[in-house]
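Numbering (my numbering), first residue to last: 8 to 161.
Ideal Cβ positions, reconstructed from N, Cα and C, are used throughout, including at glycine.
Report on the following structure.
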Ligand code: SF4
């Protein structure tokens with residue numbers, strides 16, 4: 008690992024769970040954005056960091072989050088001394104999804120007595136289920152009606 012990569016990784020580790028924006032990394036390293044991007048990519052390929060695509064003030068960038076607590080060389084030295092370290096799991100991406108609970112409760116599977124025995128290739132198979140098929144067809148028809156109605160208004 009190059010000295011610049013080590014320096015970058017150290018900064019990302021120090022940023023903790025909130026991570027460091029890629030644009031801030033290259034500014035702090037005093038390098039240009041292309042080099043900053045290359046370093047981040049190399050660290051991600053080595054599975055030392057994750058890169059989450061984020062939008063900051065209307066511009067797309069990456070949030071860099073460390074997956075390790077230490078720089079690998081330091082890790083090896085400490086392992087020799089018997090010091091253990093932890094590799095963190097990547098943080099789950101934040102999803103901005105609105106869930107319509109009322110709609111979910113209309114899915115026939117939520118009230119089905121065969122739910123536990125239902126699986127692809129089994130006797131009760133979602134791909135062949137008439138109840139689920141009817142529900143999906145009804146949903147598609149409703150969506151098409153809404154789309155036609157909104158197009159008629161425009
Ligand atoms: S797919 Fe059909 S059989 Fe399977 S759980 Fe849903 S409603 Fe029940």
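**Asked** Who are the near neighbours of residue 67 in its chain, counting only those whose CB is closer than 6 Å to its CB and skipping five residues on each side?
**Response** none
**Request:** Could you confirm whether any beta carbon from chain D is found closer than 8 Å to the beta carbon of residue 59?
**Result:** Absent from the structure is chain D; it holds one protein chain and no more.
**Prompt:** My guess is that residue 46 and residue 11 are in contact by the Cβ rule of under 8 Å, so how many angstroms apart are they, rounded?
**Reply:** 6 Å
**Prompt:** Hey, is residue 110 close to ligand 1, as in C-beta under 7 Å from one of its heavy atoms?
**Reply:** no
**Request:** Using alpha carbons as the reference points, say which of 120, 28, 110 lies closest to residue 143.
**Result:** 110
**Asked** In whole angstroms, what is the alpha-carbon distance linking residue 113 and residue 48?
**Response** 44 Å
**Request:** Kindly indicate which residue of 80, 33, 29 has the alpha-carbon position closest to the one of residue 60.
**Result:** 29
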